[in-house]
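Residue numbers (this note's numbering), protein chains in the order written: chain A, 1111 to 1484; chain B, 1111 to 1484; chain C, 1111 to 1484; chain D, 1111 to 1484.
Have a look at the structure below, then the notes.
Number of protein chains: 4
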Amino acid sequence: MLGYSFMGKAHSNAYARMPVFFYPPPARPRLVAIAGRTEGKVKEAAVRFGFQRYYTDWNKLVADPEVEVVDNGLPNDMHLGPCVEAAERGKHILCEKPLGRNPGESQAMLRAAEKAGVKHMVAFNYRFVPAVRLAKQFIDEGYIGKVLQFRAAYLQDWAMDPDVPRTWRFRKESAGSGALGDLGAHIIDLSRFLVGEIGATVGIAKTFTGARPLPGDPTKKGEVDVDDAFVALVKFTGGAVGSLEASRFCAGRRNFQRIEIHGTEGSIGFNLERLNELEVYSNREQSDRRGFKTILVTEADHPFVGKWWPRGHIIGWEHAMVHEVYHFFDVIARDGRVAPWGATFYDGLRADEVIEAVQKSISSQRWEAPGLAS
Amino acid sequence: MLGYSFMGKAHSNAYARMPVFFYPPPARPRLVAIAGRTEGKVKEAAVRFGFQRYYTDWNKLVADPEVEVVDNGLPNDMHLGPCVEAAERGKHILCEKPLGRNPGESQAMLRAAEKAGVKHMVAFNYRFVPAVRLAKQFIDEGYIGKVLQFRAAYLQDWAMDPDVPRTWRFRKESAGSGALGDLGAHIIDLSRFLVGEIGATVGIAKTFTGARPLPGDPTKKGEVDVDDAFVALVKFTGGAVGSLEASRFCAGRRNFQRIEIHGTEGSIGFNLERLNELEVYSNREQSDRRGFKTILVTEADHPFVGKWWPRGHIIGWEHAMVHEVYHFFDVIARDGRVAPWGATFYDGLRADEVIEAVQKSISSQRWEAPGLAS
Amino acid sequence: MLGYSFMGKAHSNAYARMPVFFYPPPARPRLVAIAGRTEGKVKEAAVRFGFQRYYTDWNKLVADPEVEVVDNGLPNDMHLGPCVEAAERGKHILCEKPLGRNPGESQAMLRAAEKAGVKHMVAFNYRFVPAVRLAKQFIDEGYIGKVLQFRAAYLQDWAMDPDVPRTWRFRKESAGSGALGDLGAHIIDLSRFLVGEIGATVGIAKTFTGARPLPGDPTKKGEVDVDDAFVALVKFTGGAVGSLEASRFCAGRRNFQRIEIHGTEGSIGFNLERLNELEVYSNREQSDRRGFKTILVTEADHPFVGKWWPRGHIIGWEHAMVHEVYHFFDVIARDGRVAPWGATFYDGLRADEVIEAVQKSISSQRWEAPGLAS
Amino acid sequence: MLGYSFMGKAHSNAYARMPVFFYPPPARPRLVAIAGRTEGKVKEAAVRFGFQRYYTDWNKLVADPEVEVVDNGLPNDMHLGPCVEAAERGKHILCEKPLGRNPGESQAMLRAAEKAGVKHMVAFNYRFVPAVRLAKQFIDEGYIGKVLQFRAAYLQDWAMDPDVPRTWRFRKESAGSGALGDLGAHIIDLSRFLVGEIGATVGIAKTFTGARPLPGDPTKKGEVDVDDAFVALVKFTGGAVGSLEASRFCAGRRNFQRIEIHGTEGSIGFNLERLNELEVYSNREQSDRRGFKTILVTEADHPFVGKWWPRGHIIGWEHAMVHEVYHFFDVIARDGRVAPWGATFYDGLRADEVIEAVQKSISSQRWEAPGLAS
């Protein structure tokens, strides 16, 4: 495990719980080592999360011969190096999103992983929310017909407080972008997962707070050079149109990820703040009894969720990560395929290309097509 | 009253109910005459809705000396002529939206009305929904601070049935545009009402059903040359950014007009399918008890609604038209101002300019600024 | 029309709108006369609501030979006299609920109406909410199978203000009971309409504010001798069990009438504050896609509502009264039957018997069966 | 750990996760032993959940000197013996609900625990849902004033399938009662937690499916002698009135635990299917902006939940058990008090007394007071 803060905690939890709930597990994760820069903290994390040892240098972890799978939860500017190195050493890799700070980095990681023949996955965890996976199944079986329109917004409000320090997430150098690459990456991936490839986009972005206290010295401020919010139009290559939006400045929205998909035969809606529910509408029902239906996605025949508790006993945000880790270990154990249920580095690259196209369109003030450069 | 179908019915109802519920009325509407093309139908409408006489020629109605106020509910290509004529004859005018098929027509109507010194109003009736008006009051008093982000979608699904005939609403010549001018006009007006002027826009539109049965002969089909759906990004001159969307193809959405506004201090949400409710969020509350609040807008101290029933007894869609008519008659009686609560022909022109800019941006594939031509 | 305040206003509106929206009407109401005690007010009401004349004595209205239908919107202690008199004079009668202050009064009214052979109806207007009527249709067709459980609560909060004066609604002599007969009567009727007869009940009631300012002299207080809230268990003769509850003291509930019905095959839910919606659940759907569905009851093939506006254009509280009046006039014109869609005086009697049984059970502290006395 | 099925799994998970998320933990649970009847299954459970050893005889586990805390997740008829034995051996005890099959059993367990001076707790886990705990805080601080009315319903539908076998939950001998003691116990405890002691009750119960397939031989059926559903009225000693209801036969309700509390100053609502949300209403707000507010209970300053993830990242059903276990270990480590936040055996007794009173009232057909026998 690379990193011990938010994602380190979340992923470590997933490794611990997976073999208990997906029992017997496809392979039992051994928590060999965790790496991080600050020794005191990484040492504590090792004890707390149950790793056998810790490193303050990621190179050593990646070089550790006992490590077979590397989970990269480091900031975005620390994705490329460790992932390429891990691949070259033949280790399977699960990397946090966005994969690279730009398509070039993602391309390099993809090539390294493919060359090494290791399993590779980007932590687009929301593909593993049961309701999202059920939506995918419904769409694949034609429940809503051909998709015509799409709408996704990932809204948070934590950055509205001007005292939130200028962490790596607010710097282009370390993060690549702001809400766009952080939150937007998720809904770009879900739009590809649920609808298909994006052929063109045009967007706009805003930075509402231009300077923030430095983490080391709050009496000083540093520039914020990434977006706090963006909105973009998208044309899918399959013909659908829609919009993508992400923000860290939508008051009252904590982790509000709303997705709406309209097809020729019905509609689907999802909201991450109520992630156990899926809304569906079908034109095929009798006309006097049509309506949006809220499915509580906790049934034994719903994806993943039957592994937990009896119906109606809802799961939380972190459960999707357990499902994700289960899938990755299952793929490794079976020598199977990550896609289409999981996102590979190829999916990571495609998401980065869309992000780049949105950025280009902001500069050019016109529609841009993702991924032509590669 | 010009027109006897949907809007004729809705406006006639408003004139009949206004003096009963806004009692005593600022002026009591006398239903002098109604005009429409088909004699049998207009005659029946006169009886049904209580008009003293009917005309099959709008010119005669506009020329009728007893008529003091002209309400134009005709198709969009019949806005210009009757409105200009009515203005020149010194009659106050309430005209359905969109005002013109293009800004040029709206400009002509505005000039005629201003020159004649008559009161003029565009039937942007949603300004008169109590919850929308309350939203406006909250925004004006600073409840959500400075507006940062905006999102409006007006979604219906009635056109998904391919057997829906090619009425005037599906032809550019008669309608100007499709969902854009029909539904989009409403949310463009509300965005101006609630947030401010739009400085630039870029959009995309789709026509999902390219040909439809002719109203006169359903065995033949005629081309549809307007949009079934559009999405556009907008930059407000005040700094906010957002999106506008309208569709006649969103399965399960009957009359779903969703508006979300996020400011520095809070957020506001509204949905026309639950028009008696307003959702508000304030950052100013104590941190452990913040949340979106659903106000049931039926209190005596809420706009308009106290004129109807005791609290909790909800109103319907058409009540906003009663409020609109009340406002117009009150303005006429007091020789007051339609704006800012009601939309004047100037507001109609501004909306048409945004519609035109969206259309231009679809052709040019880039951002366009509304209204620079005038 | 007897009475000019809340119900007078609501019913007068219904008579005015019915022939416009249910066109051509089964019979066109002529608003002959309105009666009320205070001359200034009843005179104004006549002008405002469009009655030809007014009376300050209900006897004169009932005796007026031009009056063919009497609508009794007077306080509960003024139901018996005018209704019996009207029946004896051969006039059809629509009377507000509860029919009598006790079953004895209701029995007398029923007998008088039956003897005279006039059409009689109790204004249980919520039977005419399209969503409630649709629920009835679904239940009748077996959509939820055999009913097992029932839950109804009618909650308001207007009486929480201690300055609300002691009107007739707070006195046993004039009202019979408090929330029980006022709000409870509605849900008792709906439980009979939707589920069936109540075989036994046991309840509890509370008066939270024991004295209130006198309407004539607010410096003095008068005793409140009716309930502010009640809850009761019920056993239906068909085997279902459930609860009934009404209150004027539930903070935040304005006109919240929630009904939930569970059967062997599904469930139905309704809330008057969102009266355009009906929630349904069916066990018969495929197991991975079951869920509560929200039907927006505004379709052309839904009861009544197609007479108003296109789908999605919601109706308000008072529309149910228009439907009720339409039904009554249709019955009169066709010489048809009020029941089962409308409530007759028999239904009014049955409701009063349940009310009485609840009251008895409060005294006896045990289960009581309604209506054995008759 | 006694028991390895649903509760065994849920509690074992709680012990594993508590020290990771409540770090550093007040005391680190060592999973010494798990006991169950079927050797194959208990052996597997020991491996799966991480217990050092297993027993097929609970006596041996309770006698194991390394065991300091006994968690009793066995069927209801196996609560008394192990709990008394554990207490006598000086072990702290966490026991599933309902504590006894009747108040006599609970009384015996309470006396044994008090005599031994051990910490004792009943697994009323919903006290540890952050939203419920927040509700308690709000009520304690006077947010809704004095409580007037209460309504709780715990609705499930899993027993509607007639093929659900006659497990111990359907037999009076093993379970004591049906929905009443299983689901009803939870809301009885929450009503005491949030409102206060219940002074009297009258109820009704139904068994909808009278015989079910035997677990060992599904070709044969055995009688069901417990309730599938109950409803009861309650009078609180503090003056409030309300209703309690539980069912295993409410189609579409999976784990729907709805609680509504109305006070002189406001109202509170909670639903377990959306357990991250709390609804609150306050009369103290300005009249034009009152409404029910949905608090997403995921803030750092909300109870417990800050230990998990950033705001908006919702938790699941099982998290409350982690909080519960944290509380119990914290109490043990500090030699503190379980109450008022946790439920002691005294609370278990009180709940059993209410259950018994409901049962008595069903027989006597009248109101009964809980707990006079003790």
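In this text, a Cβ means the ideal position worked out from N, Cα and C, and glycines have one as well.
This one's a predicted model, so the numbers in the text were calculated from it and none came from an experiment.
Using a Cβ cut-off of 8 Å, pull out every chain A residue sitting near residue i, in sequence order please.
i	result
Glu-1383 of chain D	Asn-1386, Leu-1406, Gly-1422, Ile-1424
Keeping to the same chain, check which residues put their C-beta closer than 6 Å to that of residue i; ignore five residues upstream and five downstream.
i	result
Asp-1440 of chain C	Pro-1136
Ser-1484 of chain C	Confidence in Ser-1484 of chain C is poor, its pLDDT being 43 and thus under 50, which makes the residue's placement too unreliable to answer from.
Tyr-1391 of chain D	Gly-1376, Ser-1377, Phe-1402
Asn-1381 of chain D	Arg-1368
Met-1270 of chain A	Phe-1359
Ala-1223 of chain D	Ala-1197, His-1230, Phe-1455
Ala-1120 of chain C	Glu-1428, Met-1431
Interface residues of chain D around residue i at Cβ under 9 Å?
i	result
Phe-1366 of chain B	Here the premise fails: no neighbours, minimum Cβ distance about 20 Å.
Please confirm if residue i has its CB atom under 7 Å from at least one CB of chain C.
i	result
Lys-1403 of chain A	yes
Val-1312 of chain D	yes
Leu-1190 of chain D	no
Is there at least one Cβ from chain A nearer than 7 Å to residue i's Cβ?
i	result
Arg-1158 of chain D	yes
Gly-1376 of chain B	yes
Cys-1360 of chain B	yes
Please compile the residues from chain D whose C-beta is within a distance smaller than 8 Å of the C-beta of residue i.
i	result
His-1412 of chain B	Asp-1398
For residue i, I'd like the list of residues in its chain whose CB is within less than 8 Å of its CB, leaving aside the five on either flank, ordered along the chain.
i	result
Leu-1141 of chain C	Met-1111, Ser-1122, Tyr-1125, Ala-1126, Phe-1159, Gly-1160, Phe-1161, Gln-1162
Val-1448 of chain A	Lys-1229, His-1230, Met-1231, His-1437, Phe-1438, Val-1441, Thr-1454
Thr-1329 of chain B	Pro-1323
Ala-1285 of chain A	Pro-1185, Asn-1186, Asp-1187, Arg-1211, Trp-1278, Arg-1279, Gly-1291, Asp-1292, Val-1336
Just confirm the distance between the C-beta atoms of residue i and residue j, as a whole number of angstroms; I'd bet it's less than 8 Å.
i	j	result
Ile-1472 of chain A	Ser-1287 of chain A	Not really, about 10 Å apart at Cβ, beyond 8 Å.
Ala-1339 of chain C	Ala-1289 of chain C	5 Å
Ala-1321 of chain B	Gly-1332 of chain B	6 Å
Gly-1426 of chain B	Ile-1425 of chain C	4 Å
Gly-1373 of chain A	Leu-1258 of chain A	6 Å
Pro-1208 of chain D	Ala-1295 of chain D	4 Å
Glu-1206 of chain B	Asn-1182 of chain B	6 Å
How would you list, in chain order, the residues of chain C whose beta-carbon sits under 9 Å from the beta-carbon of residue i?
i	result
His-1429 of chain B	Gly-1426
Trp-1451 of chain B	Within 9 Å Cβ-Cβ: nothing; Trp-1451 of chain B doesn't reach chain C, min ~21 Å.
Ser-1357 of chain D	Leu-1258, Gln-1259, His-1372
Can you check whether the C-beta of residue i is within less than 7 Å of a C-beta belonging to chain B?
i	result
Val-1477 of chain C	Note on residue identity: the sequence assigns Trp, not Val, to residue 1477 of chain C. It does not; no Cβ of chain B falls within 7 Å.
Tyr-1391 of chain A	yes
Leu-1293 of chain A	no
Kindly list, in the order they appear in chain A, the residues whose Cβ is closer than 7 Å to that of residue i.
i	result
Leu-1459 of chain B	Simply none; closest approach about 25 Å.
Trp-1278 of chain D	Ordered by position in chain A, no residue passes the 7 Å Cβ test against Trp-1278 of chain D, which lies about 16 Å from the chain.
Does any CB atom of chain D fall closer than 7 Å to the CB of residue i?
i	result
Tyr-1133 of chain A	yes
Starting from the beta carbon of residue i, find every residue of chain A whose beta carbon is closer than 9 Å, and list them in chain order.
i	result
Phe-1116 of chain D	Trp-1419, Pro-1420
Against residue i, what residues of chain B qualify as contacts under a CB-to-CB distance less than 9 Å, listed in chain order?
i	result
Lys-1316 of chain A	Leu-1258, Gln-1259, Gly-1349, Ala-1350, Val-1351
Trp-1268 of chain C	Pro-1420, Arg-1421, Gly-1422
Counting only the same chain and skipping the five closest in sequence on each side, list residues whose C-beta sits under 7 Å from that of residue i.
i	result
Tyr-1456 of chain A	Leu-1220
Lys-1470 of chain A	Glu-1478
At a CB-CB cut-off below 8 Å, which residues of chain B make contact with residue i?
i	result
Val-1415 of chain C	In chain order: nothing, as chain B lies at least about 10 Å away.
Residues in the region 1227 to 1258 of chain D having any Cβ partner in chain B nearer than 9 Å:
The residues in question are Leu-1244, Gln-1247, Phe-1248, Tyr-1253.
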